[in-house]
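Asker:
Protein chains: 2
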Amino acid sequence: MATIKDIARISGYSIGTVSRVLNQHPDVSEKSRERIEKVIRDLNYEPNSNAKMLKQGSNSAITLIIRGYHNIFLQSILEEVQLALHKAGESTAVVFVDENENEVQTALHLAASMRPKGFFFLGGNLGDFRSYFSEIKVPGVLLTNSARELDFPNLSSYATDDVEAAAYAIHYLYDCGHRKIGVIGGAAGNKESQTGYLRTRGCSRALRECGLDPEEDLYLPSRFSMDGGYKAAKGLLERRKDVTAIFALADTIAIGAIRAIRDMGMRCPEDISVMGFDGIEICQYGVPRLTTIRQDVGLLSSLSVSNLLLHLHYPQNGPTHEIVPFQLQKGESVRHI
Amino acid sequence: MATIKDIARISGYSIGTVSRVLNQHPDVSEKSRERIEKVIRDLNYEPNSNAKMLKQGSNSAITLIIRGYHNIFLQSILEEVQLALHKAGESTAVVFVDENENEVQTALHLAASMRPKGFFFLGGNLGDFRSYFSEIKVPGVLLTNSARELDFPNLSSYATDDVEAAAYAIHYLYDCGHRKIGVIGGAAGNKESQTGYLRTRGCSRALRECGLDPEEDLYLPSRFSMDGGYKAAKGLLERRKDVTAIFALADTIAIGAIRAIRDMGMRCPEDISVMGFDGIEICQYGVPRLTTIRQDVGLLSSLSVSNLLLHLHYPQNGPTHEIVPFQLQKGESVRHI
DNA sequence: TTGTATGCGTTATCAT
DNA sequence: ATGATAACGCATACAA
Numbered sequence: 001m002a003t004i005k006d007i008a009r010i011s012g013y014s015i016g017t018v019s020r021v022l023n024q025h026p027d028v029s030e031k032s033r034e035r036i037e038k039v040i041r042d043l044n045y046e047p048n049s050n051a052k053m054l055k056q057g058s059n060s061a062i063t064l065i066i067r068g069y070h071n072i073f074l075q076s077i078l079e080e081v082q083l084a085l086h087k088a089g090e091s092t093a094v095v096f097v098d099e100n101e102n103e104v105q106t107a108l109h110l111a112a113s114m115r116p117k118g119f120f121f122l123g124g125n126l127g128d129f130r131s132y133f134s135e136i137k138v139p140g141v142l143l144t145n146s147a148r149e150l151d152f153p154n155l156s157s158y159a160t161d162d163v164e165a166a167a168y169a170i171h172y173l174y175d176c177g178h179r180k181i182g183v184i185g186g187a188a189g190n191k192e193s194q195t196g197y198l199r200t201r202g203c204s205r206a207l208r209e210c211g212l213d214p215e216e217d218l219y220l221p222s223r224f225s226m227d228g229g230y231k232a233a234k235g236l237l238e239r240r241k242d243v244t245a246i247f248a249l250a251d252t253i254a255i256g257a258i259r260a261i262r263d264m265g266m267r268c269p270e271d272i273s274v275m276g277f278d279g280i281e282i283c284q285y286g287v288p289r290l291t292t293i294r295q296d297v298g299l300l301s302s303l304s305v306s307n308l309l310l311h312l313h314y315p316q317n318g319p320t321h322e323i324v325p326f327q328l329q330k331g332e333s334v335r336h337i
Numbered sequence: 001m002a003t004i005k006d007i008a009r010i011s012g013y014s015i016g017t018v019s020r021v022l023n024q025h026p027d028v029s030e031k032s033r034e035r036i037e038k039v040i041r042d043l044n045y046e047p048n049s050n051a052k053m054l055k056q057g058s059n060s061a062i063t064l065i066i067r068g069y070h071n072i073f074l075q076s077i078l079e080e081v082q083l084a085l086h087k088a089g090e091s092t093a094v095v096f097v098d099e100n101e102n103e104v105q106t107a108l109h110l111a112a113s114m115r116p117k118g119f120f121f122l123g124g125n126l127g128d129f130r131s132y133f134s135e136i137k138v139p140g141v142l143l144t145n146s147a148r149e150l151d152f153p154n155l156s157s158y159a160t161d162d163v164e165a166a167a168y169a170i171h172y173l174y175d176c177g178h179r180k181i182g183v184i185g186g187a188a189g190n191k192e193s194q195t196g197y198l199r200t201r202g203c204s205r206a207l208r209e210c211g212l213d214p215e216e217d218l219y220l221p222s223r224f225s226m227d228g229g230y231k232a233a234k235g236l237l238e239r240r241k242d243v244t245a246i247f248a249l250a251d252t253i254a255i256g257a258i259r260a261i262r263d264m265g266m267r268c269p270e271d272i273s274v275m276g277f278d279g280i281e282i283c284q285y286g287v288p289r290l291t292t293i294r295q296d297v298g299l300l301s302s303l304s305v306s307n308l309l310l311h312l313h314y315p316q317n318g319p320t321h322e323i324v325p326f327q328l329q330k331g332e333s334v335r336h337i
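Chains as they are written, first to last, in our numbering: chain A, 1 to 337; chain B, 1 to 337.
Quick look at the structure:
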């Protein structure tokens, strides 16, 4: 690979001048610029970003850490965030990590070691940060969970109010006449999934508010996947013949649940209503269209990008923790009874 | 951020010794090791990977470039590839790029500039490579398109035979009794999407083999998305009342098509059969389950990872270009008539 | 306008 | 076993 030295040697100029050409400095003569640029093209020269970053103290890229490989919802956020950052002239590197804490720790180390000038964390638990975030000195944003209580000076967060949104969903199902509402998703007992835990809490609260008993066996934990939703719905419907509605704590879970309902010889929404959470694209193309709680991906993304760009330029600003509004997106999967 | 110098200064040792501790060299006394490690922990030291890479000549990470933000199929490959690489102890960086050539060029430059020790390209067109790949000297693998004709010494490729697979799909629909088969997906005329072009070619060939006329207005181009499929199916069904089956050149297109069919007051498969391509997870959870051509994600991933790891260690090996077998995955979306 | 020299944080090659 | 130092590729302050 050609280096700046090669360019200097071949063009007959010094590395100083070459560097100036490379960095668009004004004080270099037209003739020199042209000659040097020709050599650069001829050699297919690519600057070594490692050297550049070393010299400049920090990596020019922004690191995006995304928790979980197949989380469609997070990926839609990823897409928007990345697009917005590119539009702002920033380059990005994405790191996917498995959902267990060890990996997250690894990712944080990696992020620290890459010396990015900023980073996003899509879908992390607070616990992961509490222990390992202090190493990081550049501005960061946590998405889909609030980091307010962590109180790091350089970590902002934007999230939907999971408790409130889940409660809203339950109320909606209640208003549609449902009294036996099953809830699938969220790891029972353990808090492995903070999101699942919060949503579950919202459900219990809402059920009590509606004067319903949050019966234990109306809850069934599930992985946040179609397969998980399929199995959980099947289990729930076998155990409780009286449920008329299922609230799936994520759309992917809901898709699995609908498939399970069909495979058990029932129909959605005629026999069992299903409600999702997130508002991913397929909600509007599935059969039936899925009624869901739509998180505002656009707002989450744009706010967080603005925030990071702001902190990049004015690091002295304090962190922001904001809750963005959600929205009930009506489809065809919930029936009034 | 603490550097190796700080550790040296505070621990009272030289940077040489600290570096030895950091890199697990044997020739350092137990006592020194312990004392230095304590300082490392105290300072939350993170090695600067930029400096490390600069010194070592190349980045330790493998760069994965993925073309298109919302390609579920490619993301499933991404997941498997990444998992396999991590299992092999390699770290990865992912770069998503928009589907236009300019971005691809940018990504290749970026990749060249990051000095990765190897890279994957998921879903690129040959044209992108022809012009810009020569800069890259480390081993690379192109997935889902064959790079045989490019003949770069350091670029292998693994792909499904798109022509053959699409032809197979058409033959299957024919065998099910369908004679008026619409094809949606693939950019008509321009070769923007190589994959779409190849699959379209397979369709035409198969139609002729079946003695059918590849009528022009049975083809409708579409973006590779649910939305694209929705619009294309609607357009096609309005234009041609006689089609009994639609072959969508990707599963996401098929999902949109099925939704369109319902919205037009028809049913799949009773009125219109739909066949997809790729074999993404949702095929098995949709309503109806989608009949599709399943690409072997597992094989594509494992072969390509093995290939890259091999070339990392034995760079003198020549490139490999392999076609992996596809499979008809029967669902419920195609009816025998 | 151009060239020279220094240093970024690290590893590795010498000495000691 | 440990310390000193050169080198990696680049940007930049300073000199010319």
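Cβ coordinates follow ideal geometry from the N, Cα and C atoms, glycine included.
If we cut at 8 angstroms on Cβ distances, does residue 237 of chain A have a partner in chain B?
Answerer: Working through the first sequence from its first residue, we reach residue 237 of chain A at position 237. By this cut-off, residue 237 of chain A is not an interface position.
Asker: Between which residues of its own chain and residue 232 of chain B is the CB-CB distance below 6 angstroms, once the five residues before and five after are set aside?
Answerer: Locating residue 232 of chain B in the second sequence gives position 232, counting from the first residue. 184, 220 and 222.
Asker: Let me know if residue 27 of chain A comes out buried or exposed under the rule of 16 or more other beta-carbons within 10 Å of its beta-carbon.
Answerer: Here residue 27 of chain A corresponds to residue number 27 of the first sequence, with the count starting at 1. Exposed, because fewer than 16 other Cβ atoms sit within 10 Å of the Cβ of residue 27 of chain A.
Asker: Can you give me the Cβ contacts of residue 13 of chain B inside the same chain, cut-off strictly under 7 angstroms, excluding the 5 residues immediately before and after it?
Answerer: In the second sequence, counting from the first residue as 1, residue 13 of chain B sits at position 13. Same-chain partners within the cutoff: 32 and 36.
Asker: Three Cβ pairs or more, each shorter than 8 angstroms: is that satisfied between the segment 112 to 120 of chain A and the segment 62 to 74 of chain A?
Answerer: At 8 angstroms Cβ cutoff, the stretches touch.
Asker: Please look up how many angstroms separate the CB atoms of residue 186 of chain B and residue 228 of chain B, rounded, as I've assumed it's under 8 angstroms.
Answerer: As a position in the second sequence, residue 186 of chain B is number 186, starting the count at 1. As a position in the second sequence, residue 228 of chain B is number 228, starting the count at 1. So it is not a contact: roughly 11 angstroms between Cβ atoms.
Asker: If you count every other CB in all the chains shown that lies within 10 Å of the CB of residue 128 of chain A, and 16 or more means buried, which is it?
Answerer: Position 128 of the first sequence, counted from the first residue, corresponds to residue 128 of chain A. Burial call: buried.
Asker: Over what stretch of residues does the beta strand (DSSP E) that includes residue 226 of chain A continue unbroken?
Answerer: Residue mapping note: residue 226 of chain A aligns to position 226 of the first sequence, counting from 1. Run containing residue 226 of chain A: none in the beta strand (DSSP E); it sits in the alpha helix (DSSP H), 226 to 239.
Asker: Going by other Cβ atoms of all chains shown within 10 Å of its Cβ, with 16 needed for buried, is residue 316 of chain A buried or exposed?
Answerer: For the purposes of this step, residue 316 of chain A is identified with residue 316 of the first sequence, where counting begins at 1. Residue 316 of chain A is exposed by the Cβ-count criterion.
Asker: Is the distance from the Cβ of residue 244 of chain A to the Cβ of residue 272 of chain A below 8 angstroms?
Answerer: In the first sequence, the residue the question calls residue 244 of chain A occupies position 244. In the first sequence, the residue the question calls residue 272 of chain A occupies position 272. Yes, Cβ-Cβ distance for residue 244 of chain A and residue 272 of chain A is below 8 angstroms.
Asker: Look at the alpha carbon of residue 265 of chain B and the alpha carbon of residue 307 of chain A, and state the distance between them as a whole number of angstroms.
Answerer: Against the second sequence, residue 265 of chain B aligns to sequence position 265. Against the first sequence, residue 307 of chain A aligns to sequence position 307. Near 46 angstroms, if we compare the C-alpha coordinates of residue 307 of chain A and residue 265 of chain B.
Asker: Mapping DSSP to helix, strand and coil, what is residue 219 of chain A?
Answerer: On the first sequence, position 219 is the one that residue 219 of chain A refers to. Residue 219 of chain A: strand per DSSP, three-state reduction.
Asker: Counting contacts by CB-CB distance shorter than 8 angstroms, is residue 75 of chain A in contact with chain B?
Answerer: On the first sequence, position 75 is the one that residue 75 of chain A refers to. Interface residue, yes.
Asker: Under 7 angstroms between beta-carbons, which chain A residues line up against residue 59 of chain B? List them in chain order, please.
Answerer: As a working note, residue 59 of chain B is residue 59 in the second sequence. By Cβ distance, chain A contributes 50.
Asker: Assuming the contact rule is C-beta atoms closer than 8 angstroms, residue 224 of chain B and residue 125 of chain B should be a hit. Round their C-beta distance to whole Å, please.
Answerer: Residue mapping note: residue 224 of chain B aligns to position 224 of the second sequence, counting from 1. Residue mapping note: residue 125 of chain B aligns to position 125 of the second sequence, counting from 1. Rounded, the Cβ-Cβ distance is 13 angstroms, inconsistent with contact.
Asker: Identify, in the order they occur along the chain, each residue of the same chain with its Cβ nearer than 6 angstroms to the Cβ of residue 206 of chain B, setting aside the five sequence neighbours on each side.
Answerer: Working through the second sequence from its first residue, we reach residue 206 of chain B at position 206. Around residue 206 of chain B: 167, 170 and 171.
Asker: Determine, for residue 96 of chain B, whether the minimum Cβ-Cβ distance to residues of chain A falls below 8 angstroms.
Answerer: Here residue 96 of chain B is taken as the residue at index 96 of the second sequence, counted from 1. Yes, because at least one Cβ of chain A sits closer than 8 angstroms to the Cβ of residue 96 of chain B.
Asker: Go through its chain and collect everything with a Cβ distance to residue 194 of chain A's Cβ below 7 angstroms, but skip five positions before and after it.
Answerer: Counting from one through the first sequence, the residue named residue 194 of chain A turns up at place 194. The answer, listed in chain order, is 125, 126 and 145.
Asker: Just to confirm, are residue 287 of chain B and residue 179 of chain A a CB contact at a threshold of 8 angstroms?
Answerer: Mapped onto the second sequence, residue 287 of chain B falls at position 287. Mapped onto the first sequence, residue 179 of chain A falls at position 179. Contact flag unset, no.
Asker: Would you mind stating whether residue 269 of chain B and residue 334 of chain B have Cβ atoms separated by less than 8 angstroms?
Answerer: Residue mapping note: residue 269 of chain B aligns to position 269 of the second sequence, counting from 1. Residue mapping note: residue 334 of chain B aligns to position 334 of the second sequence, counting from 1. Taking 8 angstroms as the Cβ cut-off, residue 269 of chain B and residue 334 of chain B qualify as a contacting pair.
Asker: Is there contact between the segment 39 to 55 of chain A and the segment 43 to 57 of chain B, where contact requires at least three CB pairs shorter than 8 angstroms?
Answerer: Yes: the two stretches touch, three or more of their Cβ pairs being nearer than 8 angstroms.
Asker: Give the residues of chain B in contact with residue 264 of chain A, contact being defined as C-beta atoms less than 9 angstroms apart.
Answerer: Stepping through the first sequence from its first residue, residue 264 of chain A is reached at position 264. The premise fails here: residue 264 of chain A is roughly 13 angstroms from chain B at the closest Cβ pair, so nothing lies under 9 angstroms.
Asker: If the criterion is Cβ atoms closer than 8 angstroms, does the pair residue 62 of chain B and residue 143 of chain B meet it?
Answerer: For the purposes of this step, residue 62 of chain B is identified with residue 62 of the second sequence, where counting begins at 1. For the purposes of this step, residue 143 of chain B is identified with residue 143 of the second sequence, where counting begins at 1. Taking 8 angstroms as the Cβ cut-off, residue 62 of chain B and residue 143 of chain B do not qualify as a contacting pair.
Asker: Residues of chain A with a CB under 8 angstroms from the CB of residue 47 of chain B: which are they?
Answerer: Position 47 of the second sequence, counted from the first residue, corresponds to residue 47 of chain B. The answer, in chain order, is 113.
Asker: Compare the C-beta of residue 137 of chain B against all C-beta atoms of chain A and say whether one is closer than 8 angstroms.
Answerer: What you label residue 137 of chain B is simply residue 137 of the second sequence in a count that begins at 1. Yes - at least one Cβ of chain A is within 8 angstroms of the one on residue 137 of chain B.
Asker: What residue from A:44, A:115, A:116 and A:111 has the CA that sits closest to residue 132 of chain A's CA?
Answerer: If you number the first sequence from 1, residue 132 of chain A lands on position 132. Nearest C-alpha to residue 132 of chain A: A:111.
Asker: Assuming the contact rule is C-beta atoms closer than 8 angstroms, residue 73 of chain B and residue 296 of chain B should be a hit. Round their C-beta distance to whole Å, please.
Answerer: As a first step, residue 73 of chain B is located in the second sequence; it is residue number 73 there, counting from the start. As a first step, residue 296 of chain B is located in the second sequence; it is residue number 296 there, counting from the start. About 12 angstroms; that fails the 8 angstroms criterion.
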